[in-house]
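A.B. asks: This is the structure I have questions about; it appears just below.
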């Protein structure tokens, strides 16, 4: 055991872990963070706090994570390479750890072009792999990236994202390997709709024995409507949504679509549970956090084990 | 006030448009005498600067007349010319001048009637726009550059 | 090659509004090749400025000259005979050229007429694409000859992000994913295994992080 | 057919072709021969060459001024080094045989030394009676030469009328009068003879009912031409002979002396009168006032030439020319007004009408004159019943005597384009008896060495043509000259009349020399047609040919702004200013040349293509025939008999055998053209050939387009629905294959103009009337009992086809006219066909039961093929998809795109005989180009200023022909011999390092400056 992370403990116990996420508000409204995370209470082992997701300015993930931590819950602080150089990253990591935040996720970040500040200069001083490596060395070697010793090193449980669906597909397992090499502890995948392709990727992962070196949490997103499915298929980069998903949603009335979406999410979890190497689920109910407990319960992942 | 008689320059390619203009003549089809032709071997020779200079020194409108699409004697000179005309249109827009003062038309050698029709239409367009850059101010002591 | 694009006409017009005698200076190097500030563009801009002034009912005297290279003082010296006769200089060179001119002729205001864009390569007639960021520490040797700094929208050093779709970058289908290209190239070269080598965080000092770059060749200087 | 005495030919280098007759046909034939490097002697009995055409005011269908269109050819005549011209000369004897004739020529005394005569006109001024006058009604032309552009440029004296020879000699400053000039006889060796003697015009004086030549205001078509002509008796004003008033109401009477059986009439159709009457009527309205009423009395309106139907429609619809279908009975002159009343009957009205006109024009046609008959006898050639030269049925330029060829009207009545075609064909045939003069025997001695003008300030001469009334009638030339003189560097400004006439050219040359001019501006017609001519003028006086600028004052000014003379004047000033400003910047340039490919490509393997190919191959030219079909033969394969009764199949068979056996011909069937590059003289054409569609590339210098046309088959009158409704083409076969079936019929109805002369295909298909007559006669031959009805709109049996038409009528074939607004109908009831139509003579609707309805469906252009080829070769087409030749009048086989020649039905519908003629003509014209051996690429090429070049590659990428490259010095290089001269590179070069010579930026900008100079 490297860290105090609740997620690490669950995973170490061999139980399937469950995480979800909470997008911070676009304003100084701590109550919003509280409302959202309260919905997830008891049903998840960690709450991802996104970092200016889709390149829209939001409350910093550091601040929102602190609020969640102060509620007694377990935030997973996300950090993107887009907005900070290595100095800012490291100071925030120390700061967060000082508030008891012990789990984080290292990401490249969506390109600023899509956000509300397309004119912004992306920092990209280091990339997500280099970030993983930096955080690991801060923890294990107790040194800053520049080489100096840290007095009071942050012991972060380090996560990263993986998108099994982006291409080139053959690179996707290798990229995972690279992140493992850099020192990642757990992986949350992109939302999985194309289960066949995910299985193929997982086979690549297990064939190389990578599932032994990292915990993989499968990304699950319930579709609210067929419109959302279409939007994700056509507009969100790196998404793989088979036509069968859209057809199935089209097959039911508009009122029934949310329920059908949840049903589909639960079915996915059931199927993914059978896949070797999957150690948990990351449920991203986008602006629909209230449904997470229902999915967790219906998927037989409730109650959460105590660690 | 006198009616405004625009002065128009037409750069015509030897093989198509210039021949079409001759054809209009031999058929005695009249078109406004405002249009004066400068012959070029191919409209691909017509540079953006020729159009700009024409406007600068007194033309109220300038057009480039080449072969029909796909019929250019030199393969694609007319396509190049059209691109340059479009660039000049853009520049004129940026400068606050009417982009309609320049135009590209495409004619085959036999299209005498169409040549005349084009000349008439373009002259009318320019007549409506009024005097061009070189005419507005009546500056004549401008130093040559 | 340094690429540039002409500035919006109104910006140039604003710059020169107070002046009536302009020296318009082109450059026969990069900006000629990228059709932004060569002899031809100098002529066009001069004509455009005349058209603008005619609209205002004013006159403007423009002297056109195109230097072999505006970023070399010896060539810039060729402007000396004309400089006293003008109120302002408009340079159609890249930023390097503008500054060389401005540095030499301190009494004349010097205005840029082009926006310097990037170091690029020609993809064919009229198309240029960014190829180098001048990072000062070239990695092309290990990335199959495709630069992740200049060509990946996020300057990623360790492979493609999750936004790639159909082999294109998430910023748009007109941009190739640099890492897809690198990967394909490495495969062609039989160097796939190199991909899993971790590339460490880059030292940005040679590329400008250490302040304005300067090269001094002692054998030549 | 012709003997080829090659062994003897090599011995006689001075053996040449004798062309008899200096009209346009003779000139064309002589020029073709000379251009293809054969020595030729052109003789004409008159004192100047030019023939009939030079007397015409304008020619249809372009309504151009004739003098302007023909004059380039005439002065070309004086220039060609292989061509000698002997006016006032006749042939008196011809002995020997083809390839080795001996011709005896007699030249009448001119009493003027043509070398010395400057045509100053002093002699004519003082002794008008002794100088030969213009024929026709002309009492005294403005100059006493036959027309202003006379060749040779000299007077001639009628010695019988000279009273005081000493005075005459004294008046001649040039000492050109040869008092003791003698009639001379010469004997020359001749390989072949081309007869281009034309024909006389019918003299209507014999027609008492039309005034017997006594009425002042009744004139012939030619006299009317002279009246309108700028060089005519009224200086181009339309006036009545009786009182000099402008007529308000003019009538034309067609077929005067033609198509008749009356006293003095000839039975054939003269073929040109309908068109010239329409032209005269249109020009009358155009030039002398829209208010002039014009009426044409006609029997059948015969506008069967290419696009002539459109001309007819324009005459009727746009010019409101009234057409009356009637042959007037008589003309009576009013004694007081000298007006004329015409009495005529309309076909559907029983009573005669009488109408008064100010002036009547008799459209008289062609006659063979007595002199021509004598000449034929001397030559020993057979004549046809009408005294025209009898010719081969499949090859109209062959007379009965080997080595003697005929072209133009003397073969049969025809218009100028057809004459031009036949002239080129006759020349091509005549050339086959001769060896080609090799290039190295020639020297470039035509032009003076060039004067070096470097460092000289521009000294410009401006010469303005009045072009008769074409320019001078609209513009005030004197005012123009005054304004021109104010311009800097202009040293001379002069009016030069017809600038392109030899007289004016000589004058310009003299002024250039005298004033040491180094730049010239010509204000005249289009540089497209006349630039070369004036460039040559400069070369003759030692100036580089690029130092001239042609200002288009006619085609693009006076012709289009004729109704706004003030504006035309203003525009002329501007255009001249531009010309002067431009020429000031012109520099001497060097032309570039390349050796030419001596191969020919013939596209299309029908009769036309095969004929052309044979003609070319016989001259040693490697010829490729590319044919889309699996076999040669084309449309003629489905044709059985000609109107003359010849079997087409036998003819085609022989032709195919000859072509296939010829070692210089490569036949490529099942082949299509897929790509094409290069330039005239050096083409590269890619084809896919054979069943496997293998690709091959042909290198050739010339291309003959002989792609033919398609038989039309519109779904009209039950064609395709009713079994017994067939086309004439099917009838042709039926007549050959199933005479028994034909014999069993009682009534056959033919319908003309099916799918022609109406919307969708407005032109006449030309061949159908003669086809219908042919087939009607064949039916009658099978059984005279069969009733044949021909429903027609106008019977267009032009020329000698009229004989067959008359024979058909004599045999009882019924010709019933219909009009488009009452067109016939065909119905089938219980298997029986009936045809309904309106009979104008009976003025009632009639019904004819028919065993067979035969539709004259004619031809339509092969749109798909001509479109494909037009795209590949960049060739223009007519609106109805035939290829469009360079000049419909004077260059009917040349395409505007040099190196392309057009023949057969790809040009327009025509008979097999006419196609063959055009095929030979195309081959002949192609040879004139190949004979040049090298291509002059001109000087209009891109030039790189290497000091400015930024090596940016823009030119390399922009060039449509991949010519520029970056050379070892690291700068762009554009090889002049590869550059096509489009200037795209110059337009794109961001460093302004490339200039297109002759169109440099400073030249274009100077022209702009000139335009806006105030």
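Chains as they are written, first to last, in the working numbering: chain A, 1 to 307; chain B, 308 to 452; chain C, 453 to 673; chain D, 674 to 1687.
Cβ atoms here follow ideal geometry from the backbone N, Cα and C, with glycine treated the same way.
In three-state terms, what does DSSP make of residue 563 (chain C)?
C.D. replies: Here residue 563 (chain C) is taken as the residue at index 111 of the third chain, counted from 1. Residue 563 (chain C) falls in the strand class under three-state DSSP.
A.B. asks: Taking any Cβ of chain D, which residues in the region 346-361 of chain B have a Cβ under 9 angstroms from it, in chain order?
C.D. replies: From the region 346-361 of chain B, only 346, 347, 348, 349, 350, 351, 352, 353, 354, 355, 356, 357, 360, 361 have a Cβ closer than 9 angstroms to chain D.
A.B. asks: Could you tell me the distance, in whole angstroms, from the CA atom of residue 1102 (chain D) to the CA atom of residue 1457 (chain D)?
C.D. replies: Working through the fourth chain from its first residue, we reach residue 1102 (chain D) at position 429. Working through the fourth chain from its first residue, we reach residue 1457 (chain D) at position 784. Whole-angstrom Cα-Cα distance: 42 angstroms.
A.B. asks: Between which two residues does the beta strand (DSSP E) harbouring residue 1490 (chain D) extend?
C.D. replies: By 1-based counting over the fourth chain, the position of residue 1490 (chain D) is 817. It spans 1487-1490 - the beta strand (DSSP E) in which residue 1490 (chain D) sits, taken as one unbroken run.
A.B. asks: Between which two residues does the alpha helix (DSSP H) harbouring residue 704 (chain D) extend?
C.D. replies: Locating residue 704 (chain D) in the fourth chain gives position 31, counting from the first residue. From DSSP, the alpha helix (DSSP H) with residue 704 (chain D) extends over 697-708.
A.B. asks: DSSP on residue 1054 (chain D), reduced to helix/strand/coil?
C.D. replies: Position 381 of the fourth chain, counted from the start, is the residue given in the question as residue 1054 (chain D). Of the three classes helix, strand and coil, the one that applies to residue 1054 (chain D) here is coil, per DSSP.
A.B. asks: Alpha carbon to alpha carbon, how far is residue 549 (chain C) from residue 402 (chain C)? Give it in angstroms, no decimals.
C.D. replies: The requested residue 402 (chain C) does not occur in the structure, where chain C is confined to residues 453 to 673.
A.B. asks: To the nearest angstrom, how far is it from the Cα of residue 1530 (chain D) to the Cα of residue 398 (chain B)?
C.D. replies: Walking along the fourth chain from the start, residue 1530 (chain D) turns up at place 857. Walking along the second chain from the start, residue 398 (chain B) turns up at place 91. Answer to the nearest angstrom: the Cα atoms are 57 angstroms apart.
A.B. asks: Using alpha carbons as the reference points, say which of D:1484, D:1503, D:1614 lies closest to residue 1649 (chain D).
C.D. replies: Counting from 1 along the fourth chain, the entry for residue 1649 (chain D) is found at position 976. Of D:1484, D:1503, D:1614, the residue nearest in Cα terms is D:1614.
A.B. asks: Would you say the region 890-904 of chain D touches the region 1118-1134 of chain D, given that touching needs at least three Cβ pairs under 8 angstroms?
C.D. replies: As far as the Cβ criterion goes, the region 890-904 of chain D does not touch the region 1118-1134 of chain D, which means the pair count is below three.
A.B. asks: What residues are listed by DSSP as bridge partners for residue 1222 (chain D)?
C.D. replies: For this step, residue 1222 (chain D) is matched to residue 549 along the fourth chain. The partner list for residue 1222 (chain D) (beta bridge, DSSP) reads D:1194.
A.B. asks: Just to confirm before moving on: does the CB-CB distance between residue 363 (chain B) and residue 437 (chain B) stay below 8 angstroms?
C.D. replies: The residue given as residue 363 (chain B) occupies position 56 in the second chain. The residue given as residue 437 (chain B) occupies position 130 in the second chain. No, the Cβ-Cβ distance between residue 363 (chain B) and residue 437 (chain B) is not below 8 angstroms.
A.B. asks: Tell me which residues share the same chain as residue 667 (chain C) and place their Cβ nearer than 7 angstroms to its Cβ, disregarding the 5 neighbours each side in the sequence.
C.D. replies: Counted from its first residue, the third chain places residue 667 (chain C) at position 215. Here the set comprises nothing.
A.B. asks: DSSP beta-bridge partners for residue 1016 (chain D)?
C.D. replies: Numbered from 1 along the fourth chain, position 343 holds the residue referred to as residue 1016 (chain D). Paired residue(s): D:1003, D:1027.
A.B. asks: Reducing DSSP to helix, strand and coil, say where residue 680 (chain D) ends up.
C.D. replies: Position 7 of the fourth chain, counted from the first residue, corresponds to residue 680 (chain D). Its pLDDT being 31, under 50, residue 680 (chain D) is placed unreliably in this model, and the value from its coordinates should be taken loosely. It is helical.
A.B. asks: Look at the alpha carbon of residue 1015 (chain D) and the alpha carbon of residue 324 (chain B), and state the distance between them as a whole number of angstroms.
C.D. replies: What you label residue 1015 (chain D) is simply residue 342 of the fourth chain in a count that begins at 1. What you label residue 324 (chain B) is simply residue 17 of the second chain in a count that begins at 1. Roughly 47 angstroms between the two C-alpha positions.
A.B. asks: Taking a Cβ distance cut-off of 8 angstroms, strictly less, list which residues of the region 472-485 of chain C are near chain D, in chain order.
C.D. replies: Within the region 472-485 of chain C, the qualifying residues are 480, 481, 484, 485.
A.B. asks: Who are the neighbours of residue 507 (chain C) on chain D, taking C-beta pairs under 9 angstroms?
C.D. replies: Reading the third chain from its first residue, position 55 is the one you call residue 507 (chain C). In chain order: nothing, as chain D lies at least about 18 angstroms away.
A.B. asks: Under a three-way DSSP split, which group does residue 215 (chain A) fall into?
C.D. replies: Start at 1 with the first residue of the first chain, and residue 215 (chain A) comes out as number 215. Note: residue 215 (chain A) maps to strand in three-state DSSP.
A.B. asks: Applying the criterion that 16 or more other CB atoms from any shown protein chain within 10 Å of the CB defines a buried residue, is residue 1485 (chain D) buried or exposed?
C.D. replies: For the purposes of this step, residue 1485 (chain D) is taken as the residue at position 812 of the fourth chain. Classification of residue 1485 (chain D): exposed, given that the 10 Å Cβ count is below 16.
A.B. asks: Taking the straight line between their C-alpha atoms, what separation do you get for residue 1009 (chain D) and residue 917 (chain D)?
C.D. replies: The residue labelled residue 1009 (chain D) in the question sits at position 336 within the fourth chain. The residue labelled residue 917 (chain D) in the question sits at position 244 within the fourth chain. If I take the Cα positions, the gap works out to 15 angstroms.
A.B. asks: Can you give the Cα-Cα distance for residue 499 (chain C) and residue 356 (chain B), rounded to whole angstroms?
C.D. replies: Here residue 499 (chain C) refers to the residue found at position 47 of the third chain. Here residue 356 (chain B) refers to the residue found at position 49 of the second chain. Cα to Cα, the separation comes out at about 7 angstroms.
A.B. asks: Would you give the residue range spanned by the beta strand (DSSP E) that residue 20 (chain A) belongs to?
C.D. replies: Counting from one through the first chain, the residue named residue 20 (chain A) turns up at place 20. Counting along the chain, the beta strand (DSSP E) containing residue 20 (chain A) begins and ends at 17-22.
A.B. asks: Would DSSP call residue 1549 (chain D) helix, strand or coil?
C.D. replies: The residue labelled residue 1549 (chain D) in the question sits at position 876 within the fourth chain. Coil, per DSSP.
A.B. asks: List, in chain order, every chain C residue whose beta-carbon is nearer than 7 angstroms to that of residue 1625 (chain D).
C.D. replies: Locating residue 1625 (chain D) in the fourth chain gives position 952, where the first residue counts as 1. Result: 484, 485.
A.B. asks: Select from D:1259, D:706, D:1404, D:1537 the residue whose C-alpha is nearest the C-alpha of residue 1678 (chain D).
C.D. replies: Along the fourth chain, read from residue 1 onward, the residue named residue 1678 (chain D) stands at position 1005. Ranking D:1259, D:706, D:1404, D:1537 by Cα distance to residue 1678 (chain D) puts D:1259 first.
A.B. asks: Given a limit of 7 angstroms on CB to CB distance, which residues of the region 374-389 of chain B reach chain D?
C.D. replies: Answer in chain order: 377, 378, 380, 381, 382, 383, 384, 387.
A.B. asks: Once the 5 residues before and after residue 1079 (chain D) are set aside, which same chain residues still bring their CB inside 7 angstroms of it?
C.D. replies: As a working mapping, residue 1079 (chain D) is identified with position 406 in the fourth chain. The residues are 868, 1062, 1064, 1070, 1072, 1099.
A.B. asks: Output, in sequence order along the chain, the residues in the region 550-582 of chain C whose CB is closer than 8 angstroms to any CB in chain D.
C.D. replies: Residues passing the 8 angstroms Cβ filter: 574, 576, 577.
A.B. asks: For residue 457 (chain C), go through chain D and note every residue whose CB falls closer than 7 angstroms to its CB, in chain order.
C.D. replies: Here residue 457 (chain C) refers to the residue found at position 5 of the third chain. Result: empty, since nearest Cβ-Cβ is about 13 angstroms, beyond 7 angstroms.
A.B. asks: In three-state DSSP terms, what is residue 572 (chain C)?
C.D. replies: Numbered from 1 along the third chain, position 120 holds the residue referred to as residue 572 (chain C). Of the three classes helix, strand and coil, the one that applies to residue 572 (chain C) here is strand, per DSSP.
A.B. asks: Could you pull the DSSP bridge partners for residue 1359 (chain D) from this structure?
C.D. replies: Here residue 1359 (chain D) corresponds to residue number 686 of the fourth chain, with the count starting at 1. Partner(s): D:1348, D:1370.
A.B. asks: Within 8 angstroms of any Cβ in chain C, is that where the Cβ of residue 1662 (chain D) sits?
C.D. replies: Taking the fourth chain and counting its residues from 1, the one referred to as residue 1662 (chain D) is at position 989. Closer than 8 angstroms: yes.
A.B. asks: Any C-beta of chain A sitting closer than 8 angstroms to the C-beta of residue 657 (chain C)?
C.D. replies: As a working mapping, residue 657 (chain C) is identified with position 205 in the third chain. Closer than 8 angstroms: no.
A.B. asks: Check each residue of the region 515-549 of chain C: if its Cβ is closer than 7 angstroms to any Cβ of chain D, include it; give the result in chain order.
C.D. replies: For the region 515-549 of chain C, which is checked against every Cβ of chain D, not one residue is closer than 7 angstroms.
A.B. asks: Which residue wins for smallest C-alpha separation from residue 1107 (chain D), given the options D:1000, D:828, D:1031, D:864?
C.D. replies: If you number the fourth chain from 1, residue 1107 (chain D) lands on position 434. When only C-alpha atoms are compared, the closest one is D:864.
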